[in-house]
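First residue of the sequence shown: 0, per numbering that gives the first Met the number 0; consecutive thereafter.
First up is the structure itself, then whatever we jot down about it.
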Amino acid sequence: MPNTSTRPKRGRRNRRVPREDPARNELVSRSLESAQQCLFNQDYGTAFVHYLLVLNLAPVLKDFASESFRFTLFKWADELDSLGRIQDLFDCYEQALELFPTDEVIINSMGEHLFRMGFRDEAAGHFHKALKLKPDYPEAKENFYRVANWLVERWHFLMLNDRRRNHKYQQAIQKAVEGGCNTVLDIGTGTGILGMCAKKAGAAEVYACELSKTMYELACEVVTANGMNGLIKILHMKSLEMEVPKDIPKRVSLVVTETVDAGLFGEGIIESLIHAWNHLLLPPQSTQDPSRPPSQAGRVIPAGATVFGMAVQCLEIRRHHRLCVSEIGGLATAAAGELHSPVSCSSEDDSTEPYTTERLSRLPGGYTPLTEPFNALDIDFNNVQELEGLCSREVSRVRLPVTGEGLLDALAVWFQLHLDQQSSLSTGPKEDTCWEQAIYPVQTPHSRIIYIRHVQPGDELIVEISCRDAYLRLCSVAVARDGRDLNAEAELCSALACLGTEQSSGPRDYTMLECAEMALLNNQPYHDSFRRALAKLITNLKDARSVQGPSQGQGLEVMPLTDPPSGPMDPGPDPFYVLDVSEGFSVLSLMAASQGQVKAYSSVEKTQHQAVLRRLARANGVPEEALEFWLNQVEDEQAVLQRPSREKLWSAIILDCVETCGLVRQKLMEKATLARCLLEDGGQIFPERIVLYGMLVESDTLLLESAVQGQEPTLGFNIAPFINQFTVPVHVFLDLSTLQCRHLSDSVELFILDLMNTNANYTNRDVKVQASASGRVTAVPFWYQIHLNEEISLSTFNQDSHWKQAAVVLHQPLAVREGDWVRLAVTLQKSSISISASIEEEAGETGTVDC
Ligand code: 44T
Numbered sequence: 000m001p002n003t004s005t006r007p008k009r010g011r012r013n014r015r016v017p018r019e020d021p022a023r024n025e026l027v028s029r030s031l032e033s034a035q036q037c038l039f040n041q042d043y044g045t046a047f048v049h050y051l052l053v054l055n056l057a058p059v060l061k062d063f064a065s066e067s068f069r070f071t072l073f074k075w076a077d078e079l080d081s082l083g084r085i086q087d088l089f090d091c092y093e094q095a096l097e098l099f100p101t102d103e104v105i106i107n108s109m110g111e112h113l114f115r116m117g118f119r120d121e122a123a124g125h126f127h128k129a130l131k132l133k134p135d136y137p138e139a140k141e142n143f144y145r146v147a148n149w150l151v152e153r154w155h156f157l158m159l160n161d162r163r164r165n166h167k168y169q170q171a172i173q174k175a176v177e178g179g180c181n182t183v184l185d186i187g188t189g190t191g192i193l194g195m196c197a198k199k200a201g202a203a204e205v206y207a208c209e210l211s212k213t214m215y216e217l218a219c220e221v222v223t224a225n226g227m228n229g230l231i232k233i234l235h236m237k238s239l240e241m242e243v244p245k246d247i248p249k250r251v252s253l254v255v256t257e258t259v260d261a262g263l264f265g266e267g268i269i270e271s272l273i274h275a276w277n278h279l280l281l282p283p284q285s286t287q288d289p290s291r292p293p294s295q296a297g298r299v300i301p302a303g304a305t306v307f308g309m310a311v312q313c314l315e316i317r318r319h320h321r322l323c324v325s326e327i328g329g330l331a332t333a334a335a336g337e338l339h340s341p342v343s344c345s346s347e348d349d350s351t352e353p354y355t356t357e358r359l360s361r362l363p364g365g366y367t368p369l370t371e372p373f374n375a376l377d378i379d380f381n382n383v384q385e386l387e388g389l390c391s392r393e394v395s396r397v398r399l400p401v402t403g404e405g406l407l408d409a410l411a412v413w414f415q416l417h418l419d420q421q422s423s424l425s426t427g428p429k430e431d432t433c434w435e436q437a438i439y440p441v442q443t444p445h446s447r448i449i450y451i452r453h454v455q456p457g458d459e460l461i462v463e464i465s466c467r468d469a470y471l472r473l474c475s476v477a478v479a480r481d482g483r484d485l486n487a488e489a490e491l492c493s494a495l496a497c498l499g500t501e502q503s504s505g506p507r508d509y510t511m512l513e514c515a516e517m518a519l520l521n522n523q524p525y526h527d528s529f530r531r532a533l534a535k536l537i538t539n540l541k542d543a544r545s546v547q548g549p550s551q552g553q554g555l556e557v558m559p560l561t562d563p564p565s566g567p568m569d570p571g572p573d574p575f576y577v578l579d580v581s582e583g584f585s586v587l588s589l590m591a592a593s594q595g596q597v598k599a600y601s602s603v604e605k606t607q608h609q610a611v612l613r614r615l616a617r618a619n620g621v622p623e624e625a626l627e628f629w630l631n632q633v634e635d636e637q638a639v640l641q642r643p644s645r646e647k648l649w650s651a652i653i654l655d656c657v658e659t660c661g662l663v664r665q666k667l668m669e670k671a672t673l674a675r676c677l678l679e680d681g682g683q684i685f686p687e688r689i690v691l692y693g694m695l696v697e698s699d700t701l702l703l704e705s706a707v708q709g710q711e712p713t714l715g716f717n718i719a720p721f722i723n724q725f726t727v728p729v730h731v732f733l734d735l736s737t738l739q740c741r742h743l744s745d746s747v748e749l750f751i752l753d754l755m756n757t758n759a760n761y762t763n764r765d766v767k768v769q770a771s772a773s774g775r776v777t778a779v780p781f782w783y784q785i786h787l788n789e790e791i792s793l794s795t796f797n798q799d800s801h802w803k804q805a806a807v808v809l810h811q812p813l814a815v816r817e818g819d820w821v822r823l824a825v826t827l828q829k830s831s832i833s834i835s836a837s838i839e840e841e842a843g844e845t846g847t848v849d850c
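And the structure:
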C-alpha cells in the first residue's frame, strides 16, 4: 500500500483543524448552547440555524446532537408548513440531508411533507429510499406500502402475468414486423414489454414513450437487463408531446399500444392516435395505392375495437351509488335531498366521472342481466378520419329489448380489442381475463324526473351513446312499455304534482358523496348498532349522575330518551358531550344528538355535508344547538382531539378505526390514547375494542395481483425482479366472499386492539391455526369484529358492509397437509400488519403474546 502514508495524514490533519482552533471551538460551543436554549424556548427556526452552524463546523458532534437536531427540524418544518413557506421547508430538509445524507428518519419525514403537498412520485421515492436504508423501519414501510399502488398500479402485475394477452400481442407484433413494419413506436410502454417484442421480432428501430416517471425508470432498467440497452430509445414523455425529428428521427411504420382502460378510451387512446397519425406515423396504406410497401405505410396495433354494453341489476353497485334506505339509525332520510355518487353519466358536471370499474364476476351478490349484450360502438384505429369524427358524431340512440326483470342499476361495458385481422382480446365479464368492466351507474336524475327503474321483459330500454370529450358515454334515458315512454309520463305526473309548490322552480340541488360514504349510509346494521350502543351509554351515565346527586350534573331528572332537550332559554340538565371524529360524511353525531340531553359535535368538514346534517336534524326534530361542527370550532385540524371546553370532558368519542379498504386507520392507537384522557368518568370510546380475524387460503389470484410470477408469463423477458420491487404484501379492497380461493383453515383470532386501555396492547402475537385441508397457503385474508361495547359488535366482513377486506400475501407459499398446525407470527406496527407463517411441529395453545 504505497500511498497510505500520505493520504490519510492529510485527512487526519484536516480533521484536527477544528480542535486546534479555539475561536472556532468557542463559536461551536456558544452556538450549541444557543441552539439548546432556543429549543427550550420553542424557537425552532433559530434553534435550527444554530444547529446547522454547529454541525457544519463540528461534524464530530453529529452523533451527540442528531436527536435534538431532528426534533428541531421536524418542529420547524411543521411551523413552516402551517405558514405556507414551502420553499423554506424544503430548503431546510435539503440542508439537513447534506449533513445526514443517509438518515432514513429525515428522508421519510421529507417524503411525508412531499406527500401532503401532492408530490406523490417524489414522496414515494423518499419512502423507497428510507426503506432501502433501513428495511425494517416501520414508518417508511407503512408510508411506502400506502403509495406503491399509485406509483405502479396493481394492474401492471395482472397484465404482465396474463400469458394469453402477452402472447397475442407478441404474435401480432411479430407478424407486422416480419411483414415489413420495421420502425416501431410503443406508446405507453409501461415496463417496455411490447417494445422489446418488436425489437426481438427484428425491427430496425424501436422507440418507446412513457409518461409516468416511475414506469419510465423501470422500463429503462428492464430494457438494459434484457440486453437491449441502446437498441430501444425510451422517452419519458406523453406521446402527444413527441415531435419528428426532435424526439424520433422520422415517422414510424408501426405504433403499438395498450393505452386502454376498462372503458376503452379513458387513457386517451383516441387523442394519442389522432396525434400519432398526424405527426408520428407514416401515411396509412391507401386503397388507391395498395402497392406501397409496409415499410412505407403506417399502421396501428391494435387495429380497432368493438364495444359492448349490457343493462344489469346489481345490489352491490346500487348501494354504492344511491341512497337505498328511508331511515338510518332512527333518522328519516328524506330531508337529506338528492345524494349522488361521483360517478354519473347524465351529469354535465365536471366533478363526476362517467364510469367506475368493477370485475362483474367478483361482485358480492352477483348481478342479473336485464338485456342481452349489445354492440355500442365499432372503431377503426387505422382510420384517422373516423377517430377525428368520433367526438363530433351525433349522439346515437339504441332501443334494447329488456330480457330480464329487475331494477335497472347500471350499464356494464366491455370491449374486444382487435389486434389485427385475425386476433383479438376480450375484456368481457364471462371471459377468463384480468380485465375489469366499465360500470355506468343509473343515477337519479338531478331534475324532478321520476325515473322508472323497474323493468320487465317486453319493455324497451332507450340508451344514448355518445363520445363527449373523448370518453365513451352510455346513458339510459328512458323505458318504453307497450310503445309508451314511461319516464316521460312519470315526468309529466311529477310536474303536475309539483305545480304551485316550491319544488317546481328549477332543478333541485344535490349533494355528492363518495361511493364508500354512500354505502356507509346504506349500512343499516352499522347505524342501528351505534344507536343502541349510544343509548346504552347515555342511560348508564344518566343513572350514574342520578346516583351521584346534583353536584355532578345540574339537573337531576332523567329525561326520556326520545325527548329532545328543552329550548335554548332553559339551561336544562347538563348535557352529555359526544364527539364523532369519523372520516368523511357521518350521521353518528346526529344520531347521538337525537337521543336527547346530548350535545353532539361532528367533524364533518364539507359545508355541503354539514348542510345535509342540518337538514336532517331539522326534519328529525333535533334542536339546532344540539349539533355543532367541531372543525369549525377548533382552529387546527390536528388538534381535533381536545376537551369540549375547559371545564368539560367527553361522554363519548367515536373513532373511525377501520378504513374502507380493510386496513386499520393510521395513528388509531395514538388517537385512542389521547381520546381516553379526554373522557369523563364512565365515558366511552366507540369502539372500545377491535378484534382482527383471519384464515389460511390458497389463492392464485392474489399471487397474480401482487407480483410477476417469474419470466415465463412475460414471454421469457426478465421483468419480474424490477417491477416486483413495488410489490406490497398487503392487498386491500378485497371482496373476500367472491375471491377465487380455497379455504385451508377456519377463521382464527389474530389480534386484539383495546382502545379503552391502550397500555394493554402488544405489537407481536403468535397464533396457531390448524389446516383444515391440504394445499399451499399463499395468503391470510383478514377482517375485523368491531366491539362498540360488551354486547354490541359489528363485522367488517358482512353483506351490508361498506368495508372491504384485506389480505397479507405470504412472502413464500407454505405447503400444508390437513391437520398440520401453522404458526402465524402477526405484527402490528404503527397501523400496518405483517404476517409470516411456518409449520408448527407440535400443537399448542393459541395466542402467545409478546409485548
Ligand atoms: N388498466 C387496466 C388500464 N400512458 C391499462 O402511464 C387490466 C385496470 C386494468 N404514455 C384492473 C385490470 C386491468 N403517452 O404506464 C401507463 C401509462 C402510459 C402513456 C405515454 C401516452 N399518451 C400515454 C397514455 C398512457 O401507458 C401505460 C399503460 S396505460 C394502460 C392502462 C389488466 N384494472
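Note that beta-carbon positions come from the ideal geometry of N, C-alpha and C, so glycine has one too.
Take the Cβ of residue i as the centre, count every other Cβ of all protein chains shown within 10 Å, and call the residue buried at 16 or more, exposed below.
| i | result |
| --- | --- |
| M214 | buried |
| Q804 | buried |
| N522 | buried |
| N374 | exposed |
| E840 | exposed |
| R398 | exposed |
| W649 | buried |
| T713 | buried |
| I85 | exposed |
| F63 | exposed |
| S30 | buried |
| A770 | buried |
| S830 | buried |
| F39 | exposed |
| V243 | exposed |
| S238 | buried |
Among the options, which has the Cα closest to the Cα of residue i?
| i | options | result |
| --- | --- | --- |
| D527 | D484, L512 and Q594 | Q594 |
| G189 | I233, N228, H166 and V205 | I233 |
| E627 | A592, G388, N619 and N225 | A592 |
| L159 | Q455, T432 and A625 | T432 |
| Q436 | Y366, V401 and C390 | Y366 |
| V27 | D42, I785 and V59 | V59 |
| K140 | Q811, T700, D819 and Q665 | Q665 |
| S465 | I722, G262, F118 and V104 | G262 |
Could you check how far apart the C-beta atoms of residue i and residue j are, in whole angstroms? I think they sit under 8 Å.
| i | j | result |
| --- | --- | --- |
| C514 | S343 | Actually they do not touch by this definition, with Cβ atoms about 12 Å apart. |
| I268 | T258 | 5 Å |
| L314 | L369 | About 13 Å separates the two Cβ atoms, so there is no contact after all. |
| T826 | S833 | 5 Å |
I'd like the span of the beta strand (DSSP E) that includes residue i, first residue to last.
| i | result |
| --- | --- |
| T256 | L253 to T256 |
| V707 | No beta strand (DSSP E) holds V707; DSSP gives it neither H nor E. |
Is residue i near ligand 1, judged by its Cβ being under 7 Å from some heavy atom?
| i | result |
| --- | --- |
| G681 | no |
| C433 | yes |
| L359 | no |
| C208 | yes |
| A261 | yes |
| G191 | no |
| M158 | yes |
| K167 | no |
| M214 | yes |
| V267 | Here residue 267 turns out to be Gly, not Val, going by the sequence shown. Under cutoff, so the answer is yes. |
| I186 | yes |
| S211 | yes |
Where do the ends of the alpha helix (DSSP H) carrying residue i lie?
| i | result |
| --- | --- |
| T356 | Element bounds for T356: not the alpha helix (DSSP H) but the beta strand (DSSP E), T355 to E357. |
| V606 | The displayed chain sequence assigns Thr, not Val, to residue 606. Segment T606 to A618, the alpha helix (DSSP H) holding T606. |
Would residue i pass as an interface residue toward chain D - the criterion being a Cβ-Cβ separation below 8 Å?
| i | result |
| --- | --- |
| Q739 | Judged by its chain identifiers, the structure shown contains no chain D, having just a single protein chain. |
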